[in-house]
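What follows is a short report on a single structure.
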Amino acid sequence: MTEPAATPPPGCPAHAGATPLYGPRFQTDPAQLYRELRAAHGPVAPIELAGGVPAWLVIGYRELQLVTGQPQLFGRDSSRWRLWESIPADWPLKPMMAPVPSMLYTEGEEHVRRSRAVTDALAGIDAYELRKHGEEIADRLIDGFAGRGEADLVAEYAHLMPLLVLCRVFGLDEERAPELVDAVLTMLDGGAGAPAAAQRLLELMLEVVRTKAEFPGEDVASRMLAHPAGLDHEEVMRDLRVLLISGHQPSSYWISNALRLMLTDERFSASLAGGRRSIGQALNEVLWEDTPVQIFAGRWATQDTQLGGQRIAAGDMLLLGYAGANGDPLVRQADGRPAEGNRAHMSYSYGDHGCPYPAQEAAEVIATTAIEVLLDRLPDLRLAVAEHALVWRPSAWVRGLVALPVAFTPGQ
Numbered sequence: 010m011t012e013p014a015a016t017p018p019p020g021c022p023a024h025a026g027a028t029p030l031y032g033p034r035f036q037t038d039p040a041q042l043y044r045e046l047r048a049a050h051g052p053v054a055p056i057e058l059a060g061g062v063p064a065w066l067v068i069g070y071r072e073l074q075l076v077t078g079q080p081q082l083f084g085r086d087s088s089r090w091r092l093w094e095s096i097p098a099d100w101p102l103k104p105m106m107a108p109v110p111s112m113l114y115t116e117g118e119e120h121v122r123r124s125r126a127v128t129d130a131l132a133g134i135d136a137y138e139l140r141k142h143g144e145e146i147a148d149r150l151i152d153g154f155a156g157r158g159e160a161d162l163v164a165e166y167a168h169l170m171p172l173l174v175l176c177r178v179f180g181l182d183e184e185r186a187p188e189l190v191d192a193v194l195t196m197l198d199g200g201a202g203a204p205a206a207a208q209r210l211l212e213l214m215l216e217v218v219r220t221k222a223e224f225p226g227e228d229v230a231s232r233m234l235a236h237p238a239g240l241d242h243e244e245v246m247r248d249l250r251v252l253l254i255s256g257h258q259p260s261s262y263w264i265s266n267a268l269r270l271m272l273t274d275e276r277f278s279a280s281l282a283g284g285r286r287s288i289g290q291a292l293n294e295v296l297w298e299d300t301p302v303q304i305f306a307g308r309w310a311t312q313d314t315q316l317g318g319q320r321i322a323a324g325d326m327l328l329l330g331y332a333g334a335n336g337d338p339l340v341r342q343a344d345g346r347p348a349e350g351n352r353a354h355m356s357y358s359y360g361d362h363g364c365p366y367p368a369q370e371a372a373e374v375i376a377t378t379a380i381e382v383l384l385d386r387l388p389d390l391r392l393a394v395a396e397h398a399l400v401w402r403p404s405a406w407v408r409g410l411v412a413l414p415v416a417f418t419p420g421q
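Residue numbers (my numbering): 10 to 421.
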């Protein structure tokens, strides 16, 4: 596909040796790219997105904390972006950045109102019930391929298991899961179908909201509708879409990235031997080494400022480089690894727009359950292709495999 052209204005970062955040090299070895960016530019690097669109990538741990912790200087409302007039209407990344009235782009008291409703609704999820749902769904999915002796753990397991669990606790129809997965992936891949997929997700969420308004239940959507914050149907629709994407994608690729490392990296092999106590530690290490959300868009400078030695103009876009910040030598041990048990990674972001704690808890329960059940049922999992044959998704935002083919002894 030919990316639509966008002409960056004079004096923007793209004219100062900006590095493209797309293409095979970025997909296959982003960690090396972050190291090169840090060596060449420091903790804040000029980059360009598809179509030659310029931005800053924040890969310094301290700098990322500053950007996410100072909303008065780095705002969340993307309408501040000074390049909107030069961005083509069909720019494939537009669905991820266009200013829309969801909690993602609200600020100040409005963000407090919206986020409180979401956090309280998520806090109503019972961790015991969540694990019970997870075990039941994981067993059901594994039953579908256990007798074959082979499977694709992305399409047949990691993509479906978290979404089916979320459908149940959010109040969504589980039969729509394949349609939801397709829409989410199409949107995040940033291809030609991204705008239509984004609209389809909104339509699906609106169906849920209308149903729950008439027939409320013990689910997240119903609790959001009944919350004292007084969210209307459109607000719940948009915020529910945010929750679905931010809940499904990180959990899905957290699971598949952890399984990949367990199958290819001897440091994780203990988990495959049935060492349940090591799974939590392995999952935490995945967030340091191969976090599923690599980059997030973003923040927009409210005024001219400086950050990491770079001059940032009012209206500039800053992308949050979670993976780059997690690899910052300032927060690693001498051998380059994170300290054992260190949970101070940036994978859940930071500040007012950081991942709500109930959502973090739910994601950990889902990921842990998925891996424990899989390893209990299929203890001799092995990669069915050479490691170098694995293909990564063509996304600037998430780090995840297209497929994870495995083989194992057929069982019941």
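C-beta: ideal position from N, C-alpha, C; glycine also.
- Taken in chain order, the segment 336–402 contains no complete beta strand (DSSP E) segment of 3 residues or longer.
- Cα atoms of G324 and D248: separation of roughly 25 Å, rounded to the nearest angstrom.
- Apart from sequence neighbours up to five positions away, the residues of its chain that approach M196 with a beta-carbon distance below 6 Å are P104, A203, A206, A207, ordered along the chain.
- Taking a 10 Å sphere around the C-beta of Y359, we find 16 or more other C-beta atoms and assign the residue as buried.
- In this structure, the CA atom of A98 is about 15 Å from the CA atom of W90.
- The way I'd put it, the segment 265–272 doesn't touch the segment 355–373; fewer than three beta-carbon pairs between them come closer than 8 Å.
- Contact between the segment 149–159 and the segment 233–247 is absent: fewer than three C-beta pairs spanning the two stretches fall below 8 Å.
- The beta carbon of V295 is closer than 7 Å to those of W263, N266, A267, L270 in its chain, skipping five residues each way along the sequence.
- In the three-state reduction of the DSSP assignment, D191 falls in the helix class, which pools H, G and I.
- Residue range 117–132 is occupied by the alpha helix (DSSP H) that includes V127, with no beta strand (DSSP E) assigned at that position.
- Remark: C-beta atoms of Y70 and M355 approach each other more closely than 8 Å.
- The segment 391–398 and the segment 177–191 do not touch, with fewer than 3 CB-CB distances between them shorter than 8 Å.
- The three-state reading of DSSP puts I321 in strand, counting E and B together.
- Contact between the segment 328–338 and the segment 290–306 is established, with three or more Cβ pairs separated by less than 8 Å.
- Taking the Cα positions, Q81 is about 26 Å away from R47.
- With respect to the 8 Å criterion, Y31 and A49 are not classified as neighbours on the basis of their beta carbons.
- The C-alpha of H120 lies about 32 Å from the C-alpha of T378.
- Per the C-alpha coordinates, the member of Q79, R177, L92 positioned closest to G117 is Q79.
- Scanning its chain for C-beta atoms nearer than 8 Å, with the 5 sequence neighbours on each side dropped, one finds around V382 the residues G143, E144, A147, D148, I151, in chain order.
- In this structure, DSSP gives F35 a helical state, which the three-state scheme calls helix.
- Between T418 and the set T314, I380, A160, D337, the nearest pair of CA atoms involves A160.
- Residue environment analysis places L328 among the buried positions, since at least 16 neighbouring C-beta atoms fall within 10 angstroms of its C-beta.
- Inter-residue distance for F179 and M112 is about 17 Å (C-alpha atoms, whole angstroms).
- Residue pairing from DSSP places A160 in a beta bridge opposite V415.
- With fewer than 16 other beta carbons inside 10 angstroms of its own, D313 counts as exposed.
- Each residue's CA atom was taken as its position, placing L253 and S261 some 12 Å apart.
- Counting along the chain, the unbroken beta strand (DSSP E) around W65 starts and ends at 62–67.
- Between the C-alpha atoms of G317 and Y357 there is a straight-line separation of about 22 Å.
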